[in-house]
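Q: Take this structure, written in C-alpha cells, and hold onto it; I'll ask about it next.
In this note's numbering, the protein residues as written are 194 to 310.
The structure is reproduced here in C-alpha cells:
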C-alpha cells in the first residue's frame, strides 16, 4: 500500500480515536458526577438509584475504553506500516559511493583581473 493511502487511513483512524477519547472522558465525568450525587443523597433508596446509574455509566465507560484501546491499536499498526514503507523506500535508494567530480558545462570561469598597484 502506498504511504499516501496509509496516511489518509491514519488521519481517518486518528479522528475516530479522538472522538472515542472525548466520549470516554465524558462518560468518566458522568460517573464522577453520579458518585458525588450519591454521596450527597440522604435517602438510602434514592442513593441506591443513583449508585445504579453510576454503575451503568461505569460499565458503559469500560466498554467504550475497550473500543478506544482497539482503535489505538489500529492507529499504531498503521503508523508502523507507514514507517516500514518509508524504510523500504529508503533502502531501495542507490548507495552513496562517495564524492563525484562535478562536470561544468559552458565556458570556464575567468579569474578576476589583478588590481593595479
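We put the beta carbon where it would ideally sit given N, CA and C, even for glycine.
1. Distance, Cα to Cα, residue 315 vs residue 205?
2. Under 8 Å between the Cβ atoms of residue 214 and residue 261?
3. Can you give me the C-alpha to C-alpha distance between residue 268 and residue 237, rounded to a whole angstrom?
4. I'd like the list of long-range same chain contacts for residue 209, defined as Cβ closer than 7 Å, with 5 residues on each side in sequence excluded.
5. Assuming residue 174 is part of the alpha helix (DSSP H), what are its boundary residues?
6. Give the secondary structure of residue 238 by DSSP, where H, G and I count as helix, E and B as strand, and everything else as coil.
7. Output yes or no for whether 8 Å exceeds the beta carbon distance between residue 224 and residue 251.
A: Per the coordinate set shown:
1. In the structure as shown, the chain begins at 194 and stops at 310. Residue 315 is therefore absent and cannot be evaluated.
2. Residue 214 sits at position 21 when you count from the first residue of the chain shown. Residue 261 sits at position 68 when you count from the first residue of the chain shown. Contact flag set, yes.
3. Counting from 1 along the chain shown, the entry for residue 268 is found at position 75. Counting from 1 along the chain shown, the entry for residue 237 is found at position 44. Their Cα atoms are separated by approximately 45 Å.
4. The sequence position of residue 209 within the chain shown is 16, counting from 1. For residue 209, where only same-chain residues beyond five positions count, the Cβ hits under 7 Å are 264.
5. Coverage of the chain is limited to positions 194 through 310, which leaves residue 174 absent and any answer about it impossible.
6. Position 45 of the chain shown, counted from the start, is the residue given in the question as residue 238. Helix.
7. Translated into positions along the chain shown, residue 224 becomes position 31. Translated into positions along the chain shown, residue 251 becomes position 58. Yes; because the gap between Cβ atoms is below 8 Å, this pair is in contact.
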